[in-house]
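Residue numbers (full-length UniProt numbering): 1 to 322. Yeah, the Cβ is synthetic: ideal placement off N, Cα and C, and Gly gets one too. All remarks here apply to the structure that follows.
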């Protein structure tokens, strides 16, 4: 695999968790091509937790990067230095991938990178983004937004979902799931889920519907109805629907579709099963139905997806064959 250079750009007032997510996710691993460098405008950067970072990378590394990631900062409306804005605008103009975690979206917006695009940020700051940058189409009800070469995530932990989404785009579901397991993170949350779910904190010993979701994941090849899921959870269908939305930010049926597409991706990457058999094994029934959901979700076909990720190509080839 050719090297893919990732520059994580830490600005003064960076949030430590936002910074840790991409630096951990894109650190060097044998199965990935990523070469990650922590960069900053100055040699030392102060975090919101009060400690300082000693940073080795500068703007030469940012300019050489294939992907530039800006973690969240506080306060988000403080204008970044002109050199930062110029570097982000230049990266976008050169067709490089530009990404923000949480309030890092404000730096991208200030640089004009988000003009005319959908974007998101932490739910507490989405109104500020919408007010201060009217050229940006602020989306307040998602975990992350993928606009091709510009991607933004909502609140801090949504950065995990976005980074795994990027790995999945680049290298396929198998590698992304392997990294997720290593981080003890959920392998996939669809970007369209709500970022702020006003659910009560579970009582001690109450695991919610997690056990039912795990049960369903082991039976994706079968037809699963809401009634069956509710029976397994031991609640009424009405209560199940309400609690499921509270816990996941989506509906049971949409969650099942996403899980089935995820399983189909793994089967296409790791087996020689026919498209018809993959469709049956992941619970989507027919090859036509599998193609429909691949087109809707990934903007490609199962055959093109398999060709891309069994030869080790990256996201650009996938988009080209879609």
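Three-state secondary structure (DSSP) of residue i
i           : result
residue 236 : coil
residue 121 : coil
residue 174 : helix
residue 5   : strand
residue 284 : coil
residue 113 : coil
residue 197 : At residue 197 the pLDDT is 36, less than 50, meaning the model places this residue with poor confidence and gives no usable figure here.
Outcome for residue i when other beta-carbon atoms lying within 10 angstroms are tallied against a minimum of 16
i           : result
residue 271 : exposed
residue 172 : buried
residue 134 : exposed
residue 225 : exposed
residue 168 : buried
residue 258 : buried
residue 61  : buried
residue 289 : exposed
residue 138 : buried
residue 216 : buried
residue 286 : exposed
residue 150 : buried
Residue j beta carbon less than 8 Å from that of residue i
i           : j           : result
residue 278 : residue 267 : yes
residue 38  : residue 56  : yes
residue 66  : residue 5   : yes
residue 71  : residue 106 : no
residue 103 : residue 122 : yes
residue 15  : residue 156 : yes
residue 73  : residue 91  : no
residue 98  : residue 88  : yes
residue 174 : residue 269 : yes
residue 7   : residue 45  : no
residue 129 : residue 154 : no
residue 300 : residue 309 : no
residue 31  : residue 181 : no
Distance cut-off 7 Å: residue i Cβ against heavy atoms of the ligand ADP
i           : result
residue 226 : For the ligand ADP, the structure offers nothing, since it holds no ligand at all.
Rounded C-alpha distance that separates residue i from residue j
i           : j           : result
residue 82  : residue 115 : 18 Å
residue 305 : residue 43  : 42 Å
residue 17  : residue 158 : 11 Å
residue 307 : residue 265 : 12 Å
residue 223 : residue 283 : 7 Å
residue 136 : residue 144 : 15 Å
residue 210 : residue 229 : 11 Å
residue 347 : residue 219 : Nothing can be reported for residue 347: it is not among the residues displayed for the chain, which extend from 1 to 322.
residue 34  : residue 26  : 6 Å
residue 251 : residue 148 : 26 Å
residue 202 : residue 236 : Bear in mind that the predicted position of residue 202 carries a pLDDT of just 35, short of 50, making it too unreliable to give a figure here.
residue 322 : residue 127 : Note that residue 322 scores 29 on pLDDT, short of 50, meaning its location in the model is unreliable; the coordinates nonetheless yield the value given after this. Going from the Cα of residue 322 to the Cα of residue 127 covers about 35 Å.
residue 160 : residue 94  : 26 Å
residue 2   : residue 233 : 47 Å
residue 275 : residue 262 : 14 Å
residue 239 : residue 41  : 52 Å
residue 28  : residue 302 : 29 Å
residue 80  : residue 213 : 43 Å
residue 58  : residue 49  : 22 Å
residue 64  : residue 142 : 31 Å
residue 253 : residue 260 : 11 Å
Residue-level contact to chain D via CB, residue i, 8 Å cutoff
i           : result
residue 294 : Protein chains in the displayed structure number just one, and chain D is not present.
| said: To test your reading of the DSSP string, which unbroken beta strand (DSSP E) runs of 3 or more residues are found completely within the segment 16-96? | reply: The beta strand (DSSP E) runs lying completely inside the segment 16-96 and spanning 3 residues or more are 34-39, 44-46, 52-54 and 67-70, given in chain order.
| task | Kindly provide the ranges of any beta strand (DSSP E) runs that are 3 or more residues long and lie completely inside the segment 127-183, ordered along the chain. | result | List check, beta strand (DSSP E) in window: 144-146 and 150-153.
| query | If you scan the UniProt domain "HTH araC/xylS-type" (210-308) from start to end, which runs of the alpha helix (DSSP H) of 4 or more residues do you find wholly inside it? | reply | Qualifying alpha helix (DSSP H) stretches, in chain order: 210-217, 226-233, 237-248, 252-270, 275-281 and 287-298.
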